[in-house]
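Here's the structure, in structure tokens; my notes come after.
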Amino acid sequence: QVRLWSSHSWQCTATLVGDEGTQVRCIAFSPSGAYLVAGSNDHVARIWDIEDNHCVVTLVGHNDSVKSICYSPDGLWVATCSDDQTTKLWKAEDGECELTMSGHSGYVYSVAFSPDGRLLATSSIDHSIRTWSVTQNECISSLMVDSSASEMLAASCAPNGESIAVASWDGTLHIWSLEEGTLLRTLAGYGCTAWSLAFSPDSSRIAAGLE
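Residue numbers (the working numbering): 975 to 1185.
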């Protein structure tokens, strides 16, 4: 289930309940704030209308847990990635699967849109970060990190569109040029797993959630 909380009263305002026994792995609001999408361990993602708290679209097609999920900047598309080693692009309006992107050889842990919506970035435990063209349905770069502890768990695109940050199992952060695919900077790990990343709106700071 997913719980919605008011940022004014800090009270729970709604509980969105999917199929019994499912565990929600990831959530994301639509850019308009009218919808919320949640991916779960039953291989499915669900889009909820949060005005009347009901599921309006079900995204069915993965063969394993949905690990990460995001809306495109225009709100027309939803991207999901999964333990089935694929990333999928869906129409938010009706749940039709438009693209399936394969290429990783391990669980895909994170997916993120570029600010202009043209690219998707994915990170995997196969030690790679891939960028994909959503218009051409092809991988345009594959960035490898040579480290025994470099399973890539989280990815976040900078709002200015210039770079992508990726966090690894040992807490190391890798900053790459989004367009050129070159490594810009490596921030030493803290010896613990980094599960999530977020850029500040002006792209000047990045926060990492560590285990």
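C-beta atoms are modelled at their ideal positions from N, C-alpha and C, and glycine is treated no differently.
Handout entry: Chain-order list of residues whose beta-carbon lies under 7 Å from that of Ser1097 (same chain, five-residue window excluded)
Key = Here residue 1097 refers to the residue found at position 123 when the sequence shown is read from its first residue. Same-chain partners within the cutoff: Tyr1083, Ser1084, Ile1103, Met1126, Leu1127, Ala1128, Ala1129 and Val1140.
Practice task
Alpha carbon to alpha carbon, how far is Gly1013 from Val976? Give it in angstroms, no decimals.
Solution key: Taking the sequence shown and counting its residues from 1, one reaches residue 976 at position 2. Taking the sequence shown and counting its residues from 1, one reaches residue 1013 at position 39. Between Val976 and Gly1013, the C-alpha separation is close to 10 Å.
Exercise for the section: Measure from the C-beta of Val991 to each C-beta in chain D and report whether the shortest distance is under 8 Å. Expected result: As a matter of chain content, chain D is missing from the structure shown, which is built from one protein chain.
Practice task
Report the option in Ile1114, Phe1173 and Ala988 whose CA atom is closest to the CA atom of Ile1149.
Solution key: Against the sequence shown, residue 1149 aligns to sequence position 175. For the residues Ile1114, Phe1173 and Ala988, the minimum Cα distance to Ile1149 belongs to Phe1173.
Exercise for the section: Taking only heavy atoms of the ligand NAD into account, decide whether any of them is closer than 7 Å to the Cβ of Cys1044. Expected result: In the structure on display, the ligand NAD does not appear, and there are no ligands present to speak of.
Handout entry: Same chain, Cβ closer than 7 Å to Asp1057, five either side skipped, listed in chain order
Key = Mapped onto the sequence shown, residue 1057 falls at position 83. Asp1038, Ser1039, Lys1041 and Tyr1081.
Problem - Buried versus exposed, by CB contacts within 10 Å (16 or more), Val991 - result: Translated into positions along the sequence shown, residue 991 becomes position 17. The residue is exposed, with fewer than 16 neighbouring Cβ atoms inside 10 Å.
Exercise for the section: For Arg999, write down the residues that DSSP places opposite it in a beta bridge. Expected result: Here residue 999 is taken as the residue at index 25 of the sequence shown, counted from 1. None; Arg999 has no bridge partner.
Handout entry: Length-filtered (3 minimum) beta strand (DSSP E) runs lying within the stretch 1134-1163
Key = 1137-1142, 1147-1151 and 1157-1161
Problem - 3-residue-minimum beta strand (DSSP E) runs that sit fully inside the stretch 1067-1114, ordered along the chain - result: 1071-1076, 1082-1087, 1093-1098 and 1102-1107
Problem - CA-to-CA distance, Ser1151 to Ala1066, given in whole angstroms - result: The sequence position of residue 1066 within the sequence shown is 92, counting from 1. The sequence position of residue 1151 within the sequence shown is 177, counting from 1. Cα to Cα, Ala1066 sits roughly 29 Å from Ser1151.
Practice task
Kindly indicate which residue of Met1118, Ser1079, Cys1044 and Gln1059 has the alpha-carbon position closest to the one of Leu1093.
Solution key: To locate residue 1093, count along the sequence shown from 1; it is residue 119. Of Met1118, Ser1079, Cys1044 and Gln1059, the residue nearest in Cα terms is Cys1044.
Practice task
Would you list the residues sitting across from Cys1131 in a DSSP beta bridge?
Solution key: Here the question's residue 1131 lines up with position 157 in the sequence shown. In DSSP, Cys1131 forms a bridge with Ile1138.
Exercise for the section: Label Arg1020 either buried or exposed according to how many other C-beta atoms from any shown protein chain fall within 10 Å of its C-beta, with 16 as the threshold for buried. Expected result: Within the sequence shown, residue 1020 is the residue found at index 46, counting from 1. With 16 or more Cβ atoms within 10 Å of its Cβ, Arg1020 is classed as buried.
Problem - Alpha-carbon spacing of Asn1111 relative to Thr1032, whole angstroms - result: Locating residue 1111 in the sequence shown gives position 137, where the first residue counts as 1. Locating residue 1032 in the sequence shown gives position 58, where the first residue counts as 1. If I take the Cα positions, the gap works out to 23 Å.
Practice task
With DSSP collapsed to three states, give me the class of Ile1024.
Solution key: Numbered from 1 along the sequence shown, position 50 holds the residue referred to as residue 1024. The answer is coil: DSSP assigns Ile1024 none of H, G, I, E or B.
Exercise for the section: Using the Cα positions of Glu1025 and Thr1160, report the straight-line distance between them to the nearest angstrom. Expected result: Counting from 1 along the sequence shown, the entry for residue 1025 is found at position 51. Counting from 1 along the sequence shown, the entry for residue 1160 is found at position 186. Their backbone Cα atoms lie some 43 Å apart in a straight line.
Problem - C-alpha distance - Ala988 paired with Asn1027, whole-angstrom precision - result: For this step, residue 988 is matched to residue 14 along the sequence shown. For this step, residue 1027 is matched to residue 53 along the sequence shown. Computed Cα separation, rounded: 7 Å.
Exercise for the section: State the Cα-Cα distance for the pair Arg1005 and Phe1087, rounded to the nearest angstrom. Expected result: By one-based count along the sequence shown, residue 1005 stands at place 31. By one-based count along the sequence shown, residue 1087 stands at place 113. Residue identity check: residue 1005 is Pro in the sequence provided, not Arg. Their Cα atoms are separated by approximately 12 Å.
Problem - Proximity winner among Leu1063, Gln1059, Ile1114 and Val1030, relative to Ser1046 (alpha-carbon distances) - result: Residue mapping note: residue 1046 aligns to position 72 of the sequence shown, counting from 1. Here the closest residue by C-alpha is Leu1063.
Problem - Segment limits, beta strand (DSSP E) that includes Trp1051 - result: Locating residue 1051 in the sequence shown gives position 77, where the first residue counts as 1. It spans Trp1051 to Ser1056 - the beta strand (DSSP E) in which Trp1051 sits, taken as one unbroken run.
Handout entry: Whole-angstrom distance between Asp1144 and Trp1051, CA atom to CA atom
Key = Here residue 1051 is taken as the residue at index 77 of the sequence shown, counted from 1. Here residue 1144 is taken as the residue at index 170 of the sequence shown, counted from 1. Going by the C-alpha atoms only, they are around 32 Å apart.
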